[in-house]
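Here the structure comes first, spelled out in structure tokens, and everything after it is commentary.
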Amino acid sequence: MSEKVIIKNLKKVYSGRNGDTIALNGIDLTIGENEFVSIVGPSGCGKSTLLNIIAGLLEPTEGIVICDNKPVEGTGADRGVVFQQYALFPWLTVRKNIEYGLKIQKLPDENSKRGWRKLSKKEILEICNRYISMVQLEEFANSYPKELSGGMKQRVALARAYAVNPKILLLDEPFGALDAQTRTQLQQDLLETWEREAKTCLFITHDIEEAIILGNRVVIMSARPGRIKEIVKVDIPYPRDQKTKISKEFIDIKNYVWSQVYEEYLSFRK
Amino acid sequence: MQKKGKIEAFVDKLPKWVLLCNSILLFVILWKIISVTERGRIVFASPDLIVETMFNELKKPSMWRHIGFSLFRVVSGYLLAFISAIPIAFLMGWYKSIRSIFEPWVQFIRSIPPIAYLPLVIVAVGVGESSKITVIFIGAFLVMLVTIYQGVLNVDETLIKAGKVLGASDREIFFTIVVPASLPFIMTALRLGLATSLTSLVAAEMTGASEGLGTMIQTAGQYFQMKVVLMGVLIIGILGMVLEKIIKIIDKKLTSWQEKREV
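Protein sequences, first through last, are from chains A and B. The first sequence begins at 1 in this note's numbering and counts up by one. The second sequence begins at 1 in this note's numbering and counts up by one.
Here it is in structure tokens:
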């Protein structure tokens, strides 16, 4: 497995009225190509800060993120993000939301004077159709986000992120606002999508079961300042499904991760 | 849902137009009652008399000239205000440097009633049509400016982030996210601006005019013709309702994507 994302000695300090808060400190992490890494940790441990730095939405105070051998500077379509709040454009239909990234995408093209070209209408339509059917929303292609349930909205957001074909997919507690049933369904959908179209994924969650069922590895973070406490390898072969959750291996890993996170929680309370 | 009384439950089932008719009917009845009392009679002519006067007046071309002039002033001041408010509001919403300079000015001028600066306007642009349009323009412009730039400021940060991570440039974010996301506020601005335009109409026509609803009301007031005053007031109200309805229809077409609470 080649290295896709290298995070070196990352530090993030927020300066506020009450002095500086160290959100992240000394983060070192390497994510392999097509690897699925989950991050868990108590709230306030800087998980989202880490994701935002990799996405290029935040700048680190110290350290560097290297993505595909290039240091990250600002946002780019090579790193897709799925937000917890869906972040769909409410004035666009499902189809138009998925098309959005495709319409502004610039593909390298040697034959063009500018060195890039835009996707043709036909290409956009094809890609869009593929992802609409991937998330099974054909019937709702022309609906507006307000007509969709929370689970459907998040499927659109996933399709929108997938459509521009990012090298890395960053998911920031994407299922956090959904009910347990929808959540399980979407975990299953994500697993199937990821197995069909392999992608390097970084998945942030506070749900330990979710982190284990999806990930190749689970990164446990400690709070204030956010550090990596431990990385747990999940040696359960894919395809995984809901039955995996009752297997002995799964439960053992879950108990272990849980005890580690709980320890963090206790020390944080002190 | 909370438990509702019998009357509320009954009203819930009635169609909208029935409720509207009911409201108008009650208004007319109240008006009629006031108009037959001893003190009320001096101010409020009875509704049937007003309707009669209105029909008679509307047959005369002079009445239509009053309406036409007023409508022209309101609509021109309003549209000019809208066209100028849009770019400035977006600049103020997008750039903090611009906002920090203009915001205090806007807030300051906004609290001054138009009548107070009327003499200044007259001296500056004369007593012709331009002074009326200017007065209406100032009021409507400030209201729309504030409403729109607040809207631009309130554009959901996550949507901008979503655009960025999909590869949008600043320019693309502005035109494909900030502008459409501000649309509901633009529509609100249109409605508030209209109300302000109509409110400042009477003040605007105090700059001296021979025609216009405001002038008509003032002249009638001086001669103590309360039924003409009342009729003028009513016509302004009706004009406002019609214009508001037009904006509502446009609003529905443009912002039907919005999540609205069903009331």
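All C-beta atoms in this analysis are idealised placements derived from N, C-alpha and C, irrespective of residue type, glycine included.
- Asparagine 22 of chain B has its alpha-carbon roughly 53 Å from the corresponding atom of methionine 134 of chain A.
- Close to glutamine 222 of chain B, with beta-carbon spacing below 8 Å, lies no residue of chain A; the smallest spacing is near 52 Å.
- Setting aside the 5 residues that flank it on each side, arginine 65 of chain B is surrounded in the same chain by Glu211, each with a C-beta closer than 7 Å to its C-beta; the list follows chain order.
- The shortest C-alpha to C-alpha distance from glycine 74 of chain A to any of B:Phe224, B:Gly163 and B:Lys248 is the one to B:Gly163.
- A direct Cα-Cα distance of roughly 35 Å separates glutamate 157 of chain B from glutamate 263 of chain A.
- Counting along the chain, no beta strand (DSSP E) covers aspartate 170 of chain B; the unbroken alpha helix (DSSP H) around it starts and ends at 170 to 173.
- The continuous beta strand (DSSP E) containing glutamate 230 of chain A extends over residues 227 to 233.
- If the five residues before and after leucine 183 of chain B are omitted, its C-beta is found closer than 8 Å to the C-beta atoms of Leu254 and Thr255, all from its own chain and listed in chain order.
- A direct Cα-to-Cα measurement between glycine 41 of chain A and glutamate 99 of chain A gives close to 34 Å.
- A check of alpha carbon separations from lysine 106 of chain A across A:Glu126, A:Asp78 and A:Tyr86 identifies A:Asp78 as the nearest.
- Distance check between glutamate 147 of chain A and each of B:Glu259, B:Gly128, B:Ala203 and B:Val229 places B:Glu259 closest, using alpha-carbon atoms only.
- Annotation: Cβ neighbours of glycine 80 of chain A in chain B (cutoff 8 Å, chain order): Val165 and Leu166.
- Look at the beta carbons and you see the region 23 to 35 of chain A touching the region 4 to 15 of chain A: at least three pairs across the two are nearer than 8 Å.
- With a contact defined as Cβ atoms closer than 8 Å, isoleucine 67 of chain B and leucine 194 of chain B miss out at about 16 Å.
- Assignment of alanine 23 of chain A by DSSP, reduced to helix, strand and coil, places it in the strand class.
- When secondary structure is reduced to three states using DSSP, tyrosine 14 of chain A falls in the strand class.
- Lysine 161 of chain B carries a helical assignment under DSSP once its states are collapsed to helix, strand and coil.
- Neighbours of lysine 161 of chain B in chain A, taken as residues whose beta carbon is under 9 Å from its own, are Asn52, Ala55, Leu57, Thr75, Val81, Phe83 and Ala87 in chain order.
- Taking every protein chain shown into account, the CB of tryptophan 91 of chain A has 16 or more other CB atoms within 10 angstroms, so this residue is buried.
- Taking C-alpha positions only, valine 127 of chain B is separated from glycine 208 of chain B by approximately 7 Å.
- Nearest neighbour of serine 130 of chain B by Cα position, chosen from B:Leu19, B:Arg110 and B:Leu201, turns out to be B:Leu201.
- Closer than 9 Å at the C-beta level to chain A, one finds these residues of the region 178 to 200 of chain B: Pro180, Ala181 and Leu183.
- Residue nearest to valine 232 of chain A within the set A:Gly226, A:Gly215, A:Ser222 and A:Pro225 is A:Gly215 (criterion: CA-CA distance).
- Close partners of tyrosine 100 of chain A in chain B (Cβ separation under 7 Å): Leu166.
- Cα atoms of alanine 116 of chain B and asparagine 154 of chain B: separation of roughly 33 Å, rounded to the nearest angstrom.
- Taking a Cβ-Cβ threshold of 8 Å, the residues of chain B close to glutamine 105 of chain A are Gly167, in chain order.
- Contact with chain A is absent for glutamine 225 of chain B, since none of that chain's Cβ atoms lies less than 8 Å from the residue's Cβ.
- For the pair glycine 80 of chain A and leucine 58 of chain A, the Cα-to-Cα distance works out to about 15 Å.
- The residue among B:Met92, B:Val106, B:Ile138 and B:Val43 with its C-alpha nearest the C-alpha of alanine 81 of chain B is B:Ile138.
- With 16 or more neighbouring CB atoms inside 10 Å of its own CB, tryptophan 194 of chain A falls in the buried class.
- Judged by DSSP secondary structure, methionine 226 of chain B falls within the alpha helix (DSSP H) whose first and last residues are 226 to 254.
- Counted as a single uninterrupted DSSP element, the beta strand (DSSP E) harbouring glycine 63 of chain A occupies residues 62 to 67.
- Using a CB distance cut-off of 8 Å, valine 164 of chain A counts as an interface residue toward chain B.
- Around the Cβ of proline 239 of chain A, a 10 Å sphere holds fewer than 16 other Cβ atoms; the residue is exposed.
- In this structure, the CA atom of isoleucine 24 of chain B is about 12 Å from the CA atom of lysine 32 of chain B.
- Counting the other CB atoms within 10 Å of its CB gives proline 166 of chain A a total of 16 or more, which places it among the buried residues.
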